[in-house]
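Peer 1: Top line first, the protein sequences correspond to chains A and B. Residue 336 is where the first sequence starts when you use this note's numbering, and the numbers rise one by one after that. Residue 5 is where the second sequence starts when you use this note's numbering, and the numbers rise one by one after that. From the three backbone atoms N, C-alpha and C, an ideal C-beta is built for every residue, glycine too.
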Amino acid sequence: SSMFVFPHKLILKTCGTTTLLLGLHRLLRIAAEHAGFPFHNTQTLNDIHAAATPWRVFYSRKNFLFPHKQEGPHRSWKQEVKYLDDMFEGGSAYMVGKMNGDHWYLYITSPQSPFTPPRTPEERTPTGTAGRFKIPTGRAPCFNGGLESNDETLEILMTDLDPENAKKFYLENASAVASSRLSAYPPRDSRDAAAAATSAAASSSAGMDDLSGSTVTVKTASTEEDSVSIAADEMLDVFDNGSDSDLHGSYTPLSEHLDPECFTTEGHALGTVVSDVCGLSEVYPTSKYPDARIDSYLFSPCGFSANGIVPAPQQQQKPRDGNGDGGEDNNNETDNDNGSARSTHYFTVHVTPEPVCSFASFETNVPGGQNGRETSEVVEHVVDIFKPGRFSITLFEAKPNLAAAAAAAGDGLATGVGRSKRMEKIKGYRRIDRIVHDFDDYELVFRFFERE
Amino acid sequence: TFSPSEGTPHLTINHDVAADLDSTNAFEGPEKLLEVWFAPGPDALPPSAKPNGLKAVPSDTWVDMLDMVNCKILSVLDSEHVDAYLLSE
Chain A
336 SSMFVFPHKL ILKTCGTTTL LLGLHRLLRI AAEHAGFPFH NTQTLNDIHA
386 AATPWRVFYS RKNFLFPHKQ EGPHRSWKQE VKYLDDMFEG GSAYMVGKMN
436 GDHWYLYITS PQSPFTPPRT PEERTPTGTA GRFKIPTGRA PCFNGGLESN
486 DETLEILMTD LDPENAKKFY LENASAVASS RLSAYPPRDS RDAAAAATSA
536 AASSSAGMDD LSGSTVTVKT ASTEEDSVSI AADEMLDVFD NGSDSDLHGS
586 YTPLSEHLDP ECFTTEGHAL GTVVSDVCGL SEVYPTSKYP DARIDSYLFS
636 PCGFSANGIV PAPQQQQKPR DGNGDGGEDN NNETDNDNGS ARSTHYFTVH
686 VTPEPVCSFA SFETNVPGGQ NGRETSEVVE HVVDIFKPGR FSITLFEAKP
736 NLAAAAAAAG DGLATGVGRS KRMEKIKGYR RIDRIVHDFD DYELVFRFFE
786 RE
Chain B
5 TFSPSEGTPH LTINHDVAAD LDSTNAFEGP EKLLEVWFAP GPDALPPSAK
55 PNGLKAVPSD TWVDMLDMVN CKILSVLDSE HVDAYLLSE
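(1) Quick check on His403 (chain A): buried or exposed, where buried means 16 or more other Cβ atoms within 10 Å of its Cβ?
(2) With distance defined between alpha-carbon atoms, name the residue in A:His603, A:Cys637, A:Phe682 nearest to Tyr624 (chain A).
(3) Going by C-alpha distance, which of A:Ile470, A:Tyr764, A:Glu787, A:Thr494 is nearest Pro688 (chain A)?
(4) Tell me which residues of the segment 416 to 436 of chain A have at least one Cβ-Cβ distance to chain B shorter than 8 Å, keeping chain order.
(5) Could you round the C-beta distance between His343 (chain A) and Ala48 (chain B) to whole angstroms and report it? I think they count as a contact, below 8 Å.
(6) Taking the alpha-carbon positions, what's the Ile767 (chain A) to Phe731 (chain A) distance?
(7) Would a check of beta-carbon distances place Val67 (chain B) closer than 8 Å to chain A?
(8) How long is the line joining the alpha carbons of Val713 (chain A) and Leu633 (chain A), rounded to whole angstroms?
(9) From what residue to what residue does the beta strand (DSSP E) around Ile644 (chain A) run?
(10) List, from N- to C-terminal side, the beta strand (DSSP E) runs of 3 residues or more that fit wholly inside the segment 31 to 57 of chain B.
(11) Taking Trp390 (chain A) as the query, report the chain B residues whose CB atoms sit under 8 Å from its CB, ordered along the chain.
(12) Buried or exposed: Thr379 (chain A), going by 16 or more other Cβ atoms within 10 Å of its Cβ?
(13) Does the count of Cβ pairs from the segment 388 to 406 of chain A and the segment 437 to 444 of chain A closer than 8 Å reach three?
(14) Is the segment 337 to 356 of chain A touching the segment 54 to 62 of chain B, taking contact as three or more C-beta pairs under 8 Å?
(15) To the nearest angstrom, report how far apart Lys469 (chain A) and Glu35 (chain B) are at their CA atoms.
(16) Is DSSP giving His360 (chain A) helix, strand or coil here?
(17) Please report how far the alpha carbon of Ala566 (chain A) lies from the alpha carbon of Ser514 (chain A), in whole angstroms.
(18) Determine the burial state of Met434 (chain A): buried for a count of at least 16 other Cβ atoms within 10 Å of its Cβ, exposed for fewer.
(19) Please classify Phe781 (chain A) as buried or exposed, where buried requires at least 16 neighbouring CB atoms within 10 angstroms.
(20) In the structure shown, what three-state DSSP assignment does Leu70 (chain B) receive?
(21) Cβ closer than 9 Å: which chain B residues qualify as neighbours of Pro402 (chain A)?
(22) Are the Cβ atoms of Gly432 (chain A) and Ile644 (chain A) separated by less than 8 Å?
(23) From Asn479 (chain A) to Phe639 (chain A), what distance separates their C-alpha atoms?
(24) Among the candidates A:Thr388, A:Leu359, A:Thr353, A:Leu357, whose CA atom is the shortest distance from the CA of Ala367 (chain A)?
(25) Ignoring anything shorter than 4 residues, give me the alpha helix (DSSP H) runs that lie fully in the segment 353 to 429 of chain A, in order along the chain.
(26) Taking only the alpha-carbon atoms, compute the straight-line gap between Glu778 (chain A) and Asp20 (chain B) and give it to the nearest angstrom.
(27) Compute the Euclidean distance between the alpha carbons of Pro446 (chain A) and Val512 (chain A), then round it to the nearest angstrom.
(28) Express the C-alpha separation of Thr444 (chain A) and Leu25 (chain B) in angstroms, rounding to a whole number.
(29) Mind checking which residues open and close the beta strand (DSSP E) that includes Asp773 (chain A)?
(30) Do we get a CB-CB distance below 8 Å when we pair Val612 (chain A) with the residues of chain B?
(31) If you compare alpha carbons, which of A:His685, A:Ala627, A:Phe726 is closest to Ser678 (chain A)?
(32) Determine the chain A residues that contact Asp26 (chain B) at a beta-carbon separation under 9 Å, and present them in chain order.
(33) Hey, is Pro702 (chain A)'s beta-carbon within less than 8 Å of any beta-carbon in chain B?
(34) Among B:Val86, B:Asp71, B:Asp64, which residue has its Cα nearest to the Cα of Ser92 (chain B)?
(35) By the 7 Å beta-carbon criterion, what residues does the segment 616 to 633 of chain A contribute toward chain B?
(36) So, are the CB atoms of Leu81 (chain B) and Ala88 (chain B) less than 8 Å apart?
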């Protein structure tokens, strides 16, 4: 499971039998109490029901695989919608895709006119207690600032993973891979001076000196007694020198991606190895996203989660004009309204490798194209990691984003449907469904594929 | 101490949870996804909100909310614009 906290929004994605919606009211309460967002469902913050007024709420999920294992309101879409409807005013629920096959559910609330005054709790209070503290949504608290630029979310939900590829996400196998890499690398003492100096310089520049003496334990595939312990800086050296293709194939230095502290627990250490071995580290490669960072964890006995933070690539600075406003750089990928900060995006991956319920998800809001990878490239890369039997792609894009993309492409397309045509064909797969939902300010394109 | 350069994401691990987490009996499967926006963008926060909005909320404050969800914090990758929490289950 993962959570991403931005100044203006929170994203929570949870797996299995988690009870995500049971935490929703507490989330809104925290937003009001600790972040200072306004609330309109009660008169005072002292009221335990006080909850911040969201501007928008999105809740989505794939169709249920094991509804009987779920808890709370999560046993059916009907119950989930009722829970949300009881909490919010003005929500809408949708099902996208085949009813008798893989489909996807969405619940959204819509922004209202900024000129609509908020109703007081008394005005909204129905008879009885039901709905008394119902939370209004959609009031933009302030329109002095701009809408978030490049608002698009891509989600790939994959089932029936290729068994060989899924094996990479078992602790036993990952440990074996890690051990083979470590044992194949010459002991620290036998390295030549030049290599040691290079490594030391790299470690020092990355602030890794503090890890001297720290220990990483990697369990081998055979027995726990075969565990290998090495100094953390030695493991980092392995990663730094990991471009040796004899040992690691298309290996890239993980120290470019990761913070050294991740080597201090086995789950994080092996998660790091798996990220690299499976190719996840290269979805947003450092060649195009030099400041991207990944936090990965391999669960015991299997299962994998990773979060990535992807700052937008730095642009070439244009000469400042006399006003000091940075010139005419209109690329909103890198600048916010005041031109001072780089936008930062995320991606997250969750993997359940067991054959009986194999599943993997990939989600990102890193904008496609511009100076990075095209969305279609990302999709093909991710699908190739898991080689699923079936998968769905949902691309949720804000309409200002679509208009900008069409204008930039100069192709006269009014929507992003044309821009994403390259996603219609995924090698080795047959597209079964393609469904477009045209919301007020977003466009949703849902695609479903099966292996040929 | 480790001092990342300005703007560099920094990882903090919750060793109490991460070190010995056993997911043998955990049922995984498709996720539920919730996205709650309190403003149209990071530059459109209301006057009452703290300058950094939700990012001003200490990590510990999210713990009881995550308890209701049945998740524990394994690690946090924080950066200038977004904090990424890796959670159990």
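Peer 2: This is what the structure gives:
(1) On the first sequence, position 68 is the one that residue 403 (chain A) refers to. It counts as exposed.
(2) Along the first sequence, one-based indexing puts residue 624 (chain A) at 289. Of the candidates A:His603, A:Cys637, A:Phe682, the one whose C-alpha sits nearest the C-alpha of Tyr624 (chain A) is A:Phe682.
(3) Position 353 of the first sequence holds residue 688 (chain A). Per the C-alpha coordinates, the member of A:Ile470, A:Tyr764, A:Glu787, A:Thr494 positioned closest to Pro688 (chain A) is A:Thr494.
(4) none
(5) Along the first sequence, one-based indexing puts residue 343 (chain A) at 8. Along the second sequence, one-based indexing puts residue 48 (chain B) at 44. Approximately 7 Å separates the beta-carbon atoms of His343 (chain A) and Ala48 (chain B); this is inside 8 Å, confirming the contact.
(6) Position 432 of the first sequence, counting from 1, holds the residue named residue 767 (chain A). Position 396 of the first sequence, counting from 1, holds the residue named residue 731 (chain A). One Cα belongs to Ile767 (chain A), the other to Phe731 (chain A), and the distance between them is close to 19 Å.
(7) Your numbering for residue 67 (chain B) matches position 63 in the second sequence. Closer than 8 Å: no.
(8) For the purposes of this step, residue 713 (chain A) is taken as residue 378 along the first sequence, with counting starting at 1. For the purposes of this step, residue 633 (chain A) is taken as residue 298 along the first sequence, with counting starting at 1. Roughly 22 Å between the two C-alpha positions.
(9) Start at 1 with the first residue of the first sequence, and residue 644 (chain A) comes out as number 309. Run containing Ile644 (chain A): 639 to 646, per the beta strand (DSSP E) assignment.
(10) 36 to 41
(11) One-based indexing of the first sequence puts residue 390 (chain A) at position 55. Those are Trp41, Phe42, Ala43, Pro44, listed as they occur along chain B.
(12) Along the first sequence, one-based indexing puts residue 379 (chain A) at 44. When all chains shown are included, Thr379 (chain A) counts as exposed.
(13) yes
(14) Taking one beta carbon from each stretch, the segment 337 to 356 of chain A and the segment 54 to 62 of chain B have 3 or more pairs nearer than 8 Å; the two touch.
(15) If you number the first sequence from 1, residue 469 (chain A) lands on position 134. If you number the second sequence from 1, residue 35 (chain B) lands on position 31. Going from the Cα of Lys469 (chain A) to the Cα of Glu35 (chain B) covers about 26 Å.
(16) One-based indexing of the first sequence puts residue 360 (chain A) at position 25. Helix at His360 (chain A).
(17) Here residue 566 (chain A) corresponds to residue number 231 of the first sequence, with the count starting at 1. Here residue 514 (chain A) corresponds to residue number 179 of the first sequence, with the count starting at 1. With a pLDDT of only 37 at Ala566 (chain A), under 50, the local geometry of the prediction cannot be trusted, and the value read off the model is given with reservation. Roughly 14 Å between the two C-alpha positions.
(18) Here residue 434 (chain A) is taken as the residue at index 99 of the first sequence, counted from 1. Exposed is the call here.
(19) On the first sequence, position 446 is the one that residue 781 (chain A) refers to. That one is buried.
(20) On the second sequence, residue 70 (chain B) is found 66 positions in, with the first residue counted as 1. Leu70 (chain B) falls in the helix class under three-state DSSP.
(21) Here the question's residue 402 (chain A) lines up with position 67 in the first sequence. Within chain B, no residue comes near Pro402 (chain A); the closest Cβ sits about 10 Å away, beyond 9 Å.
(22) Reading the first sequence from its first residue, position 97 is the one you call residue 432 (chain A). Reading the first sequence from its first residue, position 309 is the one you call residue 644 (chain A). Contact: no.
(23) Taking the first sequence and counting its residues from 1, one reaches residue 479 (chain A) at position 144. Taking the first sequence and counting its residues from 1, one reaches residue 639 (chain A) at position 304. Per-residue confidence for Asn479 (chain A) stands at a pLDDT of 46, beneath the threshold of 50, marking its modelled position as unreliable; the derived number appears in the next sentence. Rounded to the nearest angstrom, the two C-alpha atoms are 41 Å apart.
(24) The residue labelled residue 367 (chain A) in the question sits at position 32 within the first sequence. The residue with the shortest Cα to Cα distance from Ala367 (chain A) is A:Thr388.
(25) 359 to 368, 412 to 422
(26) As a working note, residue 778 (chain A) is residue 443 in the first sequence. As a working note, residue 20 (chain B) is residue 16 in the second sequence. Going by the C-alpha atoms only, they are around 43 Å apart.
(27) Counting from 1 along the first sequence, the entry for residue 446 (chain A) is found at position 111. Counting from 1 along the first sequence, the entry for residue 512 (chain A) is found at position 177. Rounded to the nearest angstrom, the two C-alpha atoms are 50 Å apart.
(28) Translated into positions along the second sequence, residue 25 (chain B) becomes position 21. Translated into positions along the first sequence, residue 444 (chain A) becomes position 109. For Leu25 (chain B) and Thr444 (chain A), the distance between alpha carbons rounds to 37 Å.
(29) Counting from 1 along the first sequence, the entry for residue 773 (chain A) is found at position 438. Its beta strand (DSSP E) spans residues 764 to 773.
(30) Locating residue 612 (chain A) in the first sequence gives position 277, counting from the first residue. Cβ-Cβ to chain B under 8 Å: no for Val612 (chain A).
(31) As a first step, residue 678 (chain A) must be located in the first sequence, where it is residue number 343. Comparing Cα positions, the closest option is A:Ala627.
(32) Reading the second sequence from its first residue, position 22 is the one you call residue 26 (chain B). Phe634, Ser635, Pro636, listed in chain order.
(33) Here residue 702 (chain A) refers to the residue found at position 367 of the first sequence. Taking Cβ atoms only, chain B never reaches closer than 8 Å to Pro702 (chain A), which makes this a no.
(34) What you label residue 92 (chain B) is simply residue 88 of the second sequence in a count that begins at 1. Minimum Cα distance to Ser92 (chain B) is reached at B:Asp71.
(35) The residues in question are Arg628, Asp630, Tyr632.
(36) Stepping through the second sequence from its first residue, residue 81 (chain B) is reached at position 77. Stepping through the second sequence from its first residue, residue 88 (chain B) is reached at position 84. Judged by their CB atoms, Leu81 (chain B) and Ala88 (chain B) are nearer to each other than the 8 Å cut-off.
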